[in-house]
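Number of protein chains: 2
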Amino acid sequence: MEQINEIADNLKLLGDKTRLTMLALLKERALCVCDIVELLDISQPNASQHLRKLKSAGLVNETRKGQWIYYSLTIEDKPYVQAVLGYIPSYKQKIAQLKNDCD
Amino acid sequence: MEQINEIADNLKLLGDKTRLTMLALLKERALCVCDIVELLDISQPNASQHLRKLKSAGLVNETRKGQWIYYSLTIEDKPYVQAVLGYIPSYKQKIAQLKNDCD
DNA sequence: TAAATATATATCAATATGCTTATATAATCA
DNA sequence: TGATTATATAAGCATATTGATATATATTTA
Chain A
1 MEQINEIADN LKLLGDKTRL TMLALLKERA LCVCDIVELL DISQPNASQH
51 LRKLKSAGLV NETRKGQWIY YSLTIEDKPY VQAVLGYIPS YKQKIAQLKN
101 DCD
Chain B
1 MEQINEIADN LKLLGDKTRL TMLALLKERA LCVCDIVELL DISQPNASQH
51 LRKLKSAGLV NETRKGQWIY YSLTIEDKPY VQAVLGYIPS YKQKIAQLKN
101 DCD
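Sequences listed follow chains A and B, in order. Counting in full-length UniProt numbering, the first sequence runs from 1 upward without gaps. Counting in full-length UniProt numbering, the second sequence runs from 1 upward without gaps.
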C-alpha cells in the first residue's frame with residue numbers, strides 16, 4: 001500500500017495547530033490571506049508559508065479576486081481529512097467577527 | 001477552544017509513516033514490540049521510541065505478559081483517530097504472516 | 001506613473017524530529 | 001546464578017520544521 005504514505009504526509013500537515021485551524025476556518029468559507037492573518041493573529045509571511053504547504057499537498061486551492069487571493073478547501077477526495085475536520089468545533093462565530101474590509 | 005491543540009498534537013503523531021502503520025497494525029490486534037519490529041522492519045529501539053510517544057499521548061497502552069510487552073490501541077475517546085484509521089487499508093494479511101514466536 | 005495594498009518568496013536561526021549506536025533494565029531459562 | 005531474550009533509555013548526528021525579517025511581485029488607486 002503506497003497510499004499510507006500520502007495519508008501520513010497529509011496528516012503531518014494537519015498536525016500543526018496553525019494549519020489545522022486554517023483548515024477549520026476554510027471549512028466555513030473561502031478566506032483571503034488577510035482574513036486568515038487577522039483571525040489567527042499571525043504574520044502575513046507565516047500565513048503564506050503555511051498556505052503554500054497546504055496548496056502543495058492539494059488540500060486547498062487559490063482564486064484571485066482583484067488584489068485578494070482566496071483560499072478554499074479541496075478535500076473532496078480525502079475523506080479522512082473531512083472526517084477530522086468534522087470533529088473540530090466550528091469557527092462560524094469567530095469568522096463572523098471579521099472586519100472583512102476585503103470585499 | 002483548547003481542544004484543537006490536543007487534536008493537532010495527536011495528528012502530528014499520526015503524521016509519521018511508521019507510527020501511522022503501527023496504529024493501523026494495532027487496530028487488528030495487540031502486538032508485542034518484537035512483532036512490530038518484524039512487521040515494520042525497523043530497529044527495536046526505533047520501535048520503542050515511537051511507541052513511547054504514542055503512549056505519552058494516550059493513543060496506546062502496554063500490558064506485560066512475561067517477557068513480552070503488548071501494546072494496544074486506546075482511542076475510544078478519540079473519534080477522529082478512529083475515523084482516520086478506518087480509512088487505512090487492513091493489515092490483517094500482513095499480521096497473519098507473523099512468525100509469532102512470541103506466544 | 002507613483003503610492004498603497006495584498007501576497008509570495010528568500011534567507012536564516014532556533015528548535016524539533018527521526019534514526020543509529022551503545023547501554024541499561026527486566027524477565028526467563030538452563 | 002549466569003546466559004539469553006525482550007524491551008527501554010541515553011546520547012549524538014543529520015535533517016526537517018517553524019517563524020521571523022527582509023524583500024520581491026502583483027494589483028489597484030490616486
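The beta carbon of each residue, even a glycine, is placed where N, CA and C say it ideally should be. In this text, all values refer to a predicted model and were calculated from it rather than measured experimentally.
Note down, in chain order, every chain B residue with its Cβ under 8 Å from the Cβ of residue i.
| i | result |
| --- | --- |
| valine 84/A | Ile7, Leu11, Tyr80, Ala83, Val84 |
Residue i versus chain B: which residues are under 9 Å apart at the beta carbon?
| i | result |
| --- | --- |
| leucine 98/A | In chain order: nothing, as chain B lies at least about 18 Å away. |
Please return the same chain residues whose Cβ sits closer than 6 Å to the Cβ of residue i, not counting the five positions on each side in sequence.
| i | result |
| --- | --- |
| leucine 20/B | Leu14 |
| isoleucine 88/A | Ala24 |
| threonine 63/A | Tyr70 |
Which bits of chain B does residue i rub up against, with CB to CB less than 7 Å?
| i | result |
| --- | --- |
| threonine 21/A | Ile4 |
| lysine 17/A | Ile4, Asn5, Ala8 |
Leaving out the 5 sequence neighbours to the left and right, which residues in its chain are closer than 8 Å to residue i when beta-carbon positions are compared?
| i | result |
| --- | --- |
| leucine 31/B | Leu25, Leu39, Tyr70, Tyr71, Ile95 |
Report back the beta-carbon spacing between residue i and residue j to the nearest angstrom; my notes put them in contact at under 8 Å.
| i | j | result |
| --- | --- | --- |
| isoleucine 7/A | tyrosine 80/A | 6 Å |
| leucine 11/B | leucine 11/A | 5 Å |
So the candidates are the options; which of them puts its Cα closest to the Cα of residue i?
| i | options | result |
| --- | --- | --- |
| glutamine 97/B | Lys17/B, Ile36/B, Glu2/B | Ile36/B |
| leucine 59/A | Pro45/A, Lys78/A, Gly66/A, Gln67/A | Lys78/A |
| cysteine 34/B | Val84/B, Lys65/B, Ala83/B | Lys65/B |
| isoleucine 42/A | Lys17/A, Thr63/A, Lys27/A, Glu62/A | Lys17/A |
List the residues of chain A whose Cβ lies closer than 7 Å to the Cβ of residue i, in chain order.
| i | result |
| --- | --- |
| isoleucine 88/B | Ile4, Ile7 |
Name the chain A residues that come within less than 9 Å of residue i, Cβ to Cβ?
| i | result |
| --- | --- |
| leucine 14/B | Ile7, Ala8, Leu11, Lys12, Leu14, Gly15 |
Keeping to the same chain, check which residues put their C-beta closer than 7 Å to that of residue i; ignore five residues upstream and five downstream.
| i | result |
| --- | --- |
| tyrosine 91/B | Ala24, Leu25, Glu28 |
The segment 47–59 of chain A / the segment 38–55 of chain B touching (three or more Cβ pairs under 8 Å): no
At least 3 beta-carbon pairs within less than 8 Å: the segment 17–37 of chain A vs the segment 59–77 of chain A: yes
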